[in-house]
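Engineer: Residue numbers (our numbering), protein chains in the order written: chain L, 115 to 393; chain U, 51 to 381.
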Amino acid sequence: MGNLLWRRMTNAVMFSMTLMCALGVVGVLFFIFGYLFWNGGRYVNWDFFTRLPAPVGESGGGMANAIIGSAKLLLLATLVGAPIGFLGGIYLAEFGGKTFPFFVRYVTDLLNGVPSIVIGIFAYAVVVLRVRHFSAWAGGFALGIMMIPIALRSTEEFLRQVPTSLREGALALGATRWQMILTVVVPAAMRGILSGMMLDIARVAGETAPLLFTSFGNRFWSEGFDKPTASLPVMIFTYAIGPYDDWHRQAWAAGFVLLAMVFMFNITSRLLISWRRTR
Amino acid sequence: MTTGMLLSESDKTPDPGAPLRTRLSGFLARLGDPLFYGLTLCCAASIIVITGCLVYQLYAHSAEARHTLGWGFLTSQEWNPVSGEFGALPFVFGTVVTSILAILIATPLGVGTAIFLAEMAPRRLSNIMAFLVDLLAAVPSVIYGLLGIFLLVPLLNSTVVPPMQRVLGFLPIFSGSFYGVSLFSASLVLVIMVVPFIVSISREVLLAVPVEQREASYALGSTHWETVWKVVLPHARRGIYASVFLGLARALGETMAVTMVIGNTPQIAKSLFAPGYTIAAVIANEFTEATGSLYLSALIELGLVLFGITIVINGLARLLILATTRGLQHG
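#1: Measuring straight from C-alpha to C-alpha, what distance separates Gly353 of chain U and Ile312 of chain U?
#2: Measuring alpha carbon to alpha carbon, tell me which residue in U:Leu296, U:Leu346, U:Thr209, U:Phe234 is nearest Asn226 of chain L.
#3: Suppose you measure from the CA of Ile45 of chain U to the CA of Phe144 of chain L; what does that come to, to the nearest Å?
#4: Consider the Cβ of Ser96 of chain U: report whether some Cβ of chain L lies at a distance smaller than 9 Å.
#5: Got a sec: which bits of the stretch 319-335 of chain L sit with their beta carbon under 8 Å from any beta carbon on chain U, in order along the chain?
#6: Please state whether DSSP places Gly175 of chain L in a helix, a strand or coil.
#7: Classify Asn177 of chain U as helix, strand or coil using the three-state DSSP reduction.
#8: Check Glu135 of chain U in the structure and name its three-state DSSP category.
#9: Check the Cβ of Thr338 of chain U against every Cβ in chain L and list those closer than 9 Å, keeping chain order.
#10: Helix, strand or coil: which one does DSSP assign to Trp335 of chain L?
#11: In chain L, which residues lie less than 8 Å from Leu274 of chain U when you measure between Cβ atoms?
#12: Does the beta carbon of Pro229 of chain L come closer than 9 Å to any beta carbon on chain U?
#13: For my contact list, Phe339 of chain L and Gly234 of chain L are in at a C-beta cut-off of 8 Å; report their separation, rounded to the angstrom.
#14: Per DSSP, what kind of secondary structure is Trp129 of chain U in: helix, strand or coil?
#15: Hey, how far is the Cα of Met55 of chain U from the Cα of Leu81 of chain U?
#16: Let me see if you follow: with CB-CB separation under 9 Å, is Leu356 of chain U close to chain L or not?
#17: What does the alpha-carbon distance come out to for the pair Asp161 of chain L and Val217 of chain U?
#18: Touching or not, the stretch 316-333 of chain L and the stretch 247-262 of chain L, by the rule of three or more beta carbon pairs under 8 Å?
#19: I believe Asp314 of chain L touches Gly195 of chain L by the beta-carbon criterion, under 8 Å. Please report the beta-carbon distance rounded to the nearest angstrom.
#20: For Pro167 of chain L, which residues does DSSP report across the bridge?
#21: From Ala269 of chain U to Glu262 of chain U, what does the alpha carbon distance come to, in whole angstroms?
#22: Assuming Ile290 of chain U contacts Val161 of chain U under a Cβ cut-off of 8 Å, what Cβ separation, rounded to an integer in Å, is found between them?
#23: Our contact map puts Ile264 of chain L next to Arg317 of chain L with C-beta atoms below 8 Å; I'd like the distance itself, whole angstroms only.
#24: Compute the Euclidean distance between the alpha carbons of Gly320 of chain L and Asn380 of chain L, then round it to the nearest angstrom.
#25: Going by beta carbon distance, what residues of the same chain come within less than 8 Å of Gly381 of chain U, once the five residues before and after it are set aside?
#26: So, helix, strand or coil for Val202 of chain U, using DSSP?
#27: Do the stretch 354-372 of chain L and the stretch 254-268 of chain L touch if we need at least three Cβ pairs shorter than 8 Å?
#28: For Phe181 of chain U, decide whether its Cβ has a neighbour in chain L, counting only Cβ atoms nearer than 9 Å.
#29: Checking 9 Å against the spacing of the C-beta atoms, do Thr297 of chain L and Ala289 of chain L come in under that value?
#30: Comparing the C-beta of Glu169 of chain U with each C-beta of chain L, is any distance below 9 Å?
#31: Please confirm if His111 of chain U has its CB atom under 9 Å from at least one CB of chain L.
#32: Please return the same chain residues whose Cβ sits closer than 6 Å to the Cβ of Ser252 of chain U, not counting the five positions on each side in sequence.
#33: If you run the structure through DSSP and keep just helix, strand and coil, what is Asp223 of chain L?
#34: Excluding the five sequence neighbours on either side, which residues of its own chain have a C-beta within less than 6 Å of the C-beta of Ala168 of chain U, listed in chain order?
#35: Am I right that Glu351 of chain U and Ser112 of chain U are in contact with their C-beta atoms under 8 Å? What's the rounded C-beta distance?
#36: Just to confirm before moving on: does the CB-CB distance between Val232 of chain L and Thr338 of chain U stay below 9 Å?
Below is the structure:
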């Protein structure tokens with residue numbers, strides 16, 4: 115009987131411990147979000163979105179150039195990563211054989227796990243060393259490479275969820291395979307694919323390490339894609355480790371804006387999927 | 051021959067646009083599929099080409115360091131680029147120590163949370179919490195660094211570490227003076243970054259354990275915990291190992307957050323409260339300032355070392371995941 119009591123107590127104690135773990139993790143989560151939104155939100159104002167960084171020693175100013183710079187880098191990254199991931203995903207889901215697709219999948223997962231700083235070195239060696247200066251091209255290239263694995267795997271996953279009967283129907287109507295894929299299968303999986311791409315963009319939007327020595331940074335506007343370009347994550351890093359209180363305030367504001375953007379992408383992506391399921 | 055004859059017959063039809071259209075669609079019908087197949091194949095194959103290029107570039111650009119410094123690079127403790135001394139050991143040490151410590155803390159925490167989410171929480175609550183945990187994983191690392199510098203480091207300095215040192219200060223790993231930035235602070239930031247990975251994968255693996263296994267265990271008179279501990283966890287162990295390995299790989303390669311709280315001092319200290327340096331952090335800090343080709347080449351070789359370590363860990367994790375999915379398929 116004592117044995118049973120002991121077992122019941124173990125049961126209760128162990129589960130309370132898992133409850134504490136879960137509460138701890140969720141508590142940290144709310145604390146981080148709360149602190150960041152409270153502390154960062156205070157310093158966000160209109161100037162932050164419209165003005166250039168103030169010269170050292172002056173207070174005020176904003177990060178308009180970094181916001182535009184980040185947008186430019188993400189545009190380039192999407193142009194590199196999304197098509198390759200999308201078409202590669204179609205190959206894996208629609209044409210796949212056995213050995214080669216397995217190999218592609220394995221390498222994709224490995225590429226996904228390569229530290230972002232190493233991708234930065236790669237982009238530096240391939241782009242920056244060739245043209246001998248930092249540029250948005252190099253940064254966009256690095257982020258684009260980072261986007262490929264997730265774009266590919268999520269496209270493949272959502273294409274696989276399209277029922278075979280749809281494919282058979284299209285082929286029975288006389289469509290060729292590429293017509294079947296592009297006009298029937300892809301539209302059926304479109305919401306899922308888009309949500310995967312959005313998650314992917316959200317992930318690379320916060321990447322700092324591969325930009326440090328590819329797009330570098332810039333305290334002014336950079337025209338076109340061939341100049342060193344400022345970005346929000348790199349600005350946060352530079353300003354956070356800088357010595358001035360005013361920089362720290364700007365870093366918090368930038369952190370707030372970046373996090374809000376990343377969350378918006380994440381939540382939109384989640385809504386896209388759930389909408390698809392309930393329809 | 052036959053197709054040629056058919057085409058020439060259709061050429062004689064009265065509608066002047068029709069033959070071209072038929073020919074065009076016939077052309078597309080015959081060539082469209084192979085073209086599209088080739089295009090998608092190229093994109094899929096480009097992943098392998100890119101990864102190959104990546105390895106080659108790291109290898110080629112670290113040639114000077116590899117030839118000049120040899121294997122001594124990995125075993126030397128001195129890092130002084132000005133006098134031309136390049137030793138990678140302090141960085142390897144910092145990387146391994148912070149990651150291992152982070153995993154040691156994060157594994158029980160993450161698996162515990164996953165057990166709660168999979169076994170105890172109602173499904174709705176479990177899904178909401180899993181989404182929140184995924185959001186935690188989406189927070190950019192530079193923001194964790196920001197929180198690390200301005201929140202965690204002052205907190206450790208004022209309220210956490212002094213009492214710890216009063217009680218455990220006699221142990222060498224907790225000795226020495228504490229300035230806030232340290233291996234310990236870096237590990238704590240890594241814990242927060244790695245836990246979401248472990249929770250999210252472990253939860254899914256636990257939920258995938260067949261319900262019959264649990265029922266059989268209850269039928270034998272087990273308590274809920276005994277079922278979890280002796281039946282569910284062993285069944286899910288490969289997936290959990292995989293999640294831990296993935297977390298470890300992420301911790302090893304993590305750059306920004308670590309750079310901001312580790313103190314960036316290339317030394318091998320016996321205390322966790324001493325500042326340190328990691329491979330990723332030194333690359334991030336010194337790459338743009340590297341003067342001279344040997345310096346740059348040494349940094350790229352460090353990148354190669356980091357790449358090698360994470361590839362091995364990731365490869366192991368993926369093999370474990372493959373083994374798990376195969377195992378589930380077979381029974």
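All residues carry an ideal CB built from backbone N, CA and C; glycine is no exception.
Quick caveat, the model's predicted, so the values are computed rather than measured.
Structural biologist: Quick look at the numbers:
#1: Along the second sequence, one-based indexing puts residue 353 of chain U at 303. Along the second sequence, one-based indexing puts residue 312 of chain U at 262. Using only the alpha carbons, I get a separation of about 19 Å.
#2: Translated into positions along the first sequence, residue 226 of chain L becomes position 112. For Asn226 of chain L, the nearest C-alpha among the options comes from U:Leu296.
#3: The shown model of chain U, from 51 to 381, leaves out residue 45 of chain U, and the question about it has no answer.
#4: The sequence position of residue 96 of chain U within the second sequence is 46, counting from 1. Yes, Ser96 of chain U lies at the interface with chain L (some Cβ there is under 9 Å from its Cβ).
#5: Ala319, Gly320, Glu321, Thr322, Ala323, Leu326, Phe327, Phe330
#6: The residue given as residue 175 of chain L occupies position 61 in the first sequence. Correct three-state label for Gly175 of chain L: strand.
#7: Taking the first residue of the second sequence as 1, we reach residue 177 of chain U at position 127. Of the three classes helix, strand and coil, the one that applies to Asn177 of chain U here is helix, per DSSP.
#8: Translated into positions along the second sequence, residue 135 of chain U becomes position 85. Here Glu135 of chain U sits in strand by DSSP.
#9: Within the second sequence, the letter at position 288 stands for residue 338 of chain U. Chain L residues near Thr338 of chain U: Phe248, Leu326, Phe327, Phe330.
#10: As a working mapping, residue 335 of chain L is identified with position 221 in the first sequence. Of the three classes helix, strand and coil, the one that applies to Trp335 of chain L here is coil, per DSSP.
#11: Within the second sequence, residue 274 of chain U is the residue found at index 224, counting from 1. Looking at the sequence itself, residue 274 of chain U is His, so the reference to Leu does not match. Near His274 of chain U (Cβ distances below 8 Å), the residues of chain L are Asn125, Phe129.
#12: Counting from one through the first sequence, the residue named residue 229 of chain L turns up at place 115. Yes - at least one Cβ of chain U is within 9 Å of the one on Pro229 of chain L.
#13: Along the first sequence, one-based indexing puts residue 339 of chain L at 225. Along the first sequence, one-based indexing puts residue 234 of chain L at 120. That pair is no contact at about 18 Å.
#14: The count along the second sequence starts at 1 and reaches residue 129 of chain U at position 79. Strand.
#15: The residue you call residue 55 of chain U lines up with position 5 of the second sequence. The residue you call residue 81 of chain U lines up with position 31 of the second sequence. Reliability fails at Met55 of chain U, whose pLDDT of 44 lies under 50, so the model's placement of it is uncertain and no value is given.
#16: The residue you call residue 356 of chain U lines up with position 306 of the second sequence. Leu356 of chain U counts as touching chain L.
#17: Counting from 1 along the first sequence, the entry for residue 161 of chain L is found at position 47. Counting from 1 along the second sequence, the entry for residue 217 of chain U is found at position 167. Cα to Cα, the separation comes out at about 50 Å.
#18: yes
#19: For this step, residue 314 of chain L is matched to residue 200 along the first sequence. For this step, residue 195 of chain L is matched to residue 81 along the first sequence. So it is a contact: roughly 7 Å between Cβ atoms.
#20: Reading the first sequence from its first residue, position 53 is the one you call residue 167 of chain L. Looking at the DSSP assignment, Pro167 of chain L forms a beta bridge with L:Gly175.
#21: Taking the first residue of the second sequence as position 1, residue 269 of chain U is located at position 219. Taking the first residue of the second sequence as position 1, residue 262 of chain U is located at position 212. Rounded to the nearest angstrom, the two C-alpha atoms are 10 Å apart.
#22: Stepping through the second sequence from its first residue, residue 290 of chain U is reached at position 240. Stepping through the second sequence from its first residue, residue 161 of chain U is reached at position 111. Indeed they touch by this definition, with Cβ atoms about 6 Å apart.
#23: In the first sequence, the residue the question calls residue 264 of chain L occupies position 150. In the first sequence, the residue the question calls residue 317 of chain L occupies position 203. The Cβ separation is near 7 Å, so the contact holds.
#24: The sequence position of residue 320 of chain L within the first sequence is 206, counting from 1. The sequence position of residue 380 of chain L within the first sequence is 266, counting from 1. Cα to Cα, the separation comes out at about 13 Å.
#25: Within the second sequence, residue 381 of chain U is the residue found at index 331, counting from 1. Below a pLDDT of 50, predicted positions are generally treated as unreliable, and Gly381 of chain U, at 37, falls in that range; the measurement from the model is reported next regardless. So no residue of the chain qualifies.
#26: Your numbering for residue 202 of chain U matches position 152 in the second sequence. Sequence check: residue 202 of chain U is Leu here, not Val. In this structure, Leu202 of chain U counts as helix in the three-state DSSP scheme.
#27: no
#28: As a first step, residue 181 of chain U must be located in the second sequence, where it is residue number 131. With 9 Å as the cut-off, Phe181 of chain U counts as an interface residue toward chain L.
#29: Here residue 297 of chain L corresponds to residue number 183 of the first sequence, with the count starting at 1. Here residue 289 of chain L corresponds to residue number 175 of the first sequence, with the count starting at 1. Against a cut-off of 9 Å, the Cβ pair of Ala289 of chain L and Thr297 of chain L comes out as a contact.
#30: Along the second sequence, read from residue 1 onward, the residue named residue 169 of chain U stands at position 119. So, interface residue.
#31: Here residue 111 of chain U refers to the residue found at position 61 of the second sequence. Chain L, which has a Cβ nearer than 9 Å to the Cβ of His111 of chain U, makes this yes.
#32: The residue given as residue 252 of chain U occupies position 202 in the second sequence. Taken in chain order, the residues that qualify are Val161, Ala164, Ile290, Ser293.
#33: Here the question's residue 223 of chain L lines up with position 109 in the first sequence. Helix at Asp223 of chain L.
#34: Position 118 of the second sequence, counting from 1, holds the residue named residue 168 of chain U. Closer than 6 Å at Cβ, skipping near neighbours: Arg253, Leu256, Leu257.
#35: Start at 1 with the first residue of the second sequence, and residue 351 of chain U comes out as number 301. Start at 1 with the first residue of the second sequence, and residue 112 of chain U comes out as number 62. Contact holds; Cβ gap of about 4 Å.
#36: One-based indexing of the first sequence puts residue 232 of chain L at position 118. One-based indexing of the second sequence puts residue 338 of chain U at position 288. Against a cut-off of 9 Å, the Cβ pair of Thr338 of chain U and Val232 of chain L comes out as no contact.
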